[in-house]
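>
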Amino acid sequence: NHLSSCEYSTEEAQDPFLVSIHIIADPGESRPLQEAIDKVLAWIHPDLPLFRVSERRACRRRRRTPKAAQPALAVVLFLQEEYGEEPILQLHRTLQRPPWRHHHTERVPSRFLPYLPCSQDFFTLAPGTPLWAIRPVHYGKEIVRFTIYCRHDNYADILKFYELILRRSPSQKKADFCIFPIFSNLDVDIQFSLKRLPCDQTPVPTDSSVLEFRVRDIGELVPLLPNPCSPISEGRWQTEDHDGNKILLQVPGECPSVCLCLSPFDDNRETSEMTFPEALACCKTRS
1 NHLSSCEYST EEAQDPFLVS IHIIADPGES RPLQEAIDKV LAWIHPDLPL
51 FRVSERRACR RRRRTPKAAQ PALAVVLFLQ EEYGEEPILQ LHRTLQRPPW
101 RHHHTERVPS RFLPYLPCSQ DFFTLAPGTP LWAIRPVHYG KEIVRFTIYC
151 RHDNYADILK FYELILRRSP SQKKADFCIF PIFSNLDVDI QFSLKRLPCD
201 QTPVPTDSSV LEFRVRDIGE LVPLLPNPCS PISEGRWQTE DHDGNKILLQ
251 VPGECPSVCL CLSPFDDNRE TSEMTFPEAL ACCKTRS
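Residue numbering for the sequence shown follows the numbering used here, beginning at 1 and increasing consecutively.
1. Where DSSP assigns a beta bridge to aspartate 217, which residues make up the other side?
2. Keeping to the same chain, check which residues put their C-beta closer than 7 angstroms to that of glutamine 14; ignore five residues upstream and five downstream.
3. Below 8 angstroms, how does it come out for the stretch 151-169 and the stretch 221-232: are there three or more Cβ pairs, yes or no?
4. Would the stretch 97-108 and the stretch 144-154 be scored as touching if the rule is three or more Cβ pairs under 8 angstroms?
5. Could you name the residues that DSSP lists as bridge partners for valine 144?
6. Using DSSP with H/G/I as helix, E/B as strand and the rest coil, what is glutamate 163?
7. CB-CB under 6 angstroms to leucine 18, same chain, minus the five flanking residues each way: which ones, in chain order?
8. Given this structure, state the Cα-to-Cα distance separating aspartate 26 from isoleucine 232, to the nearest angstrom.
9. Do you know how far the Cα of leucine 186 is from the Cα of glycine 219?
10. For alanine 133, name the three-state secondary structure that DSSP assigns.
11. Excluding sequence positions up to five away, which residues of its chain have a Cβ less than 8 angstroms from the Cβ of glutamate 55?
12. Looking at C-alpha atoms only, which residue of Pro198, Leu131 and Ile179 is the closest neighbour of phenylalanine 192?
13. Tell me which residues share the same chain as leucine 113 and place their Cβ nearer than 7 angstroms to its Cβ, disregarding the 5 neighbours each side in the sequence.
14. How many Å lie between lysine 85 and aspartate 217 at the Cα?
15. My output table needs one value for tyrosine 139: the three-state DSSP class, helix, strand or coil.
16. Along the chain, where does the alpha helix (DSSP H) that runs through leucine 249 open and close?
17. Taking contact to mean at least 3 C-beta pairs separated by less than 8 angstroms, is the stretch 200-215 in contact with the stretch 229-248?
18. Whole-angstrom Cβ separation of proline 136 and leucine 77, contact assumed at under 8 angstroms?
19. For the alpha helix (DSSP H) containing glutamate 240, list its first residue and its last residue.
20. Can you grab the Cα-Cα spacing for the pair glutamine 70 / lysine 195, in whole Å?
21. Roughly how many whole angstroms lie between the Cα atoms of proline 46 and proline 16?
22. Would you list the residues sitting across from glutamine 172 in a DSSP beta bridge?
23. Which two residues bound the contiguous alpha helix (DSSP H) that contains glutamate 35?
24. Measure the Cβ-Cβ separation of cysteine 142 and phenylalanine 122 and say whether it is below 9 angstroms.
25. Which residues mark the beginning and the end of the beta strand (DSSP E) in which arginine 101 is found?
26. List the endpoints of the continuous alpha helix (DSSP H) containing isoleucine 88.
27. Less than 9 angstroms between the C-beta atoms of threonine 206 and threonine 129, yes or no?
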């Protein structure tokens, strides 16, 4: 059997949670991180639980990454400019206050510079979590866009990989960028995109956050994936793309969709010594 990237159901086309992000924080940090994310997303829509923050049982030792390292995962919020500059500038000020921190500012040719300088700033909540940025929208709806930055040489293969996972083709496609439509209503669009980096840049997988995709026909999908795919809990499978970005595949109806929190482990390993998917597999649903 062959899974066509174009054969997705009406239900899949209208599922706002087809793509979501899980974040695992250090002890005591999950609530402020979740509240910070919810506050920012409320600027787009007050009811978009696209992010779930859980906690490790113990702090983990972090690997040192180069200061200029490019996290492989980003979230970009496009805000409607018809209400003026002030709402966008106000959100920008929010992202400059803890727990948010400035990560870097993109340098672009002056002739492409947007009228709001802040639209080139990137922020982050904690090490190993996605970058965040805001952009003005000149027309159309507001947008939540998940973006994966790809190694230059792997871009074509990664594009095919996510076409397979999402069961659809990009609505926009260029040599170094593409956009997949995920969900759309009268107020907001949710998108997933891939951005090809220059040859001299290497994206770093976010080791404290992971994308989750709802999929059908997991039995048909697994043999077509380029890397091993194995179950880590009821209804969830783990694999990775060509750049080493770990992803979770959720089978609808087999996995609870409520927020997750970490439970004690049956073995002797501390959470800090476990990989992200292993830690996530030890989650249990809140009562």
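Using N, Cα and C, we set each Cβ at its ideal position, and we do this for glycine too.
Please read all numbers here as calculations on a predicted model, not as lab measurements.
Taking the structure as given:
1. Paired residue(s): none; aspartate 217 is not in a bridge.
2. Phe183
3. yes
4. no
5. Leu77 and Ile190
6. helix
7. Ile182 and Arg214
8. 21 angstroms
9. 35 angstroms
10. strand
11. Ile24, Ala25, Asp26, Pro27, Gly28, Glu29, Ser30, Cys261 and Leu262
12. Ile179
13. Since pLDDT at leucine 113 reaches only 46, below the 50 mark, its modelled position is unreliable, and no value is offered.
14. Residue identity differs from the one stated: residue 85 is glutamate in this sequence, not lysine. For glutamate 85 and aspartate 217, the distance between alpha carbons rounds to 46 angstroms.
15. coil
16. Leucine 249 -> not in any alpha helix (DSSP H); beta strand (DSSP E) instead, spanning 246-250.
17. yes
18. Incorrect: roughly 10 angstroms between the Cβ atoms, too far for contact.
19. That residue, glutamate 240, is in no alpha helix (DSSP H); its beta strand (DSSP E) goes 236-240.
20. 12 angstroms
21. 14 angstroms
22. Ile179
23. 30-41
24. Contrary to the premise, residue 142 reads as glutamate rather than cysteine in this sequence. Going by C-beta atoms, glutamate 142 is not nearer than 9 angstroms to phenylalanine 122.
25. 101-105
26. 86-94
27. yes
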